[in-house]
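S.K.:
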Amino acid sequence: REEEAQKAVKVLNRSFFDTSRIFVEIAQAPGSDALPRPWSRYTPGSTKYAKEQAQVDNDQEGETAVNPAVNSNTKGKKSKTAAKKNGEEVPKDPHANSTDDDADALPSAAAAAA
-4 REEEAQKAVK VLNRSFFDTS RIFVEIAQAP GSDALPRPWS RYTPGSTKYA
46 KEQAQVDNDQ EGETAVNPAV NSNTKGKKSK TAAKKNGEEV PKDPHANSTD
96 DDADALPSAA AAAA
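Letter 29 of the sequence shown, counting from 1, is numbered 24 in our numbering, and no numbers are missing.
1. My understanding is that ILE21 touches VAL4, with C-beta atoms under 8 angstroms, so please give their C-beta distance in whole angstroms.
2. What span of residues does the alpha helix (DSSP H) with THR42 cover, start to end?
3. By DSSP's criteria, ARG16 is part of a beta bridge. Which residues make up the other side?
4. Rank GLY26, LYS2 and SER41 by C-alpha distance to the C-alpha of PRO33 and give the top, closest one.
5. What is the DSSP secondary structure of GLU(-3), counted as helix, strand or coil?
6. Taking DSSP as the reference, what is the three-state secondary structure of ALA3?
7. If we ignore side chains and look at the alpha-carbon of each, how far apart do GLU(-2) and GLU47 end up?
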């Protein structure tokens, strides 16, 4: 079987299937040292995964408290949804669409022409 695999690699590696070039390698067992180092932060074995798992373990031990009502992108501000759930008043967005009251304050085109 090893000889067949070597022959397949020699014949098929860098060949073409329709218009696509294919690369053929000998398969490695999962977790083998011959595999390249994983690069994804979600893959066990990568350094980013190890750092994130260490942080999760620390959080579970109670070393750092995480407030689920605080969004990490808002620099400590509560999200509107979390504020509503807690019964807090949510301030109106000053950049929201104008209301009819704003239209009365603007001079009309007819008044401007007169």
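Each residue gets a CB set at the ideal place from its N, CA and C atoms; glycine is no exception.
M.R.: Put simply:
1. Residue mapping note: residue 21 aligns to position 26 of the sequence shown, counting from 1. Residue mapping note: residue 4 aligns to position 9 of the sequence shown, counting from 1. Going by Cβ atoms, the distance from ILE21 to VAL4 rounds to 6 angstroms, so yes, they are a contact pair.
2. Residue 42 sits at position 47 when you count from the first residue of the sequence shown. 42 to 55 is the span of the alpha helix (DSSP H), which, as asked, contains THR42.
3. Taking the first residue of the sequence shown as 1, we reach residue 16 at position 21. In the DSSP output, where bridge partners are listed per residue, ARG16 has PHE11.
4. Residue numbering aside, residue 33 sits at position 38 when the sequence shown is read from its first letter. Cα-wise, what sits closest to PRO33 is SER41.
5. Taking the first residue of the sequence shown as 1, we reach residue -3 at position 2. Note: GLU(-3) maps to helix in three-state DSSP.
6. Here residue 3 corresponds to residue number 8 of the sequence shown, with the count starting at 1. ALA3: helix per DSSP, three-state reduction.
7. For this step, residue -2 is matched to residue 3 along the sequence shown. For this step, residue 47 is matched to residue 52 along the sequence shown. Approximately 42 angstroms between the Cα atoms of the pair.
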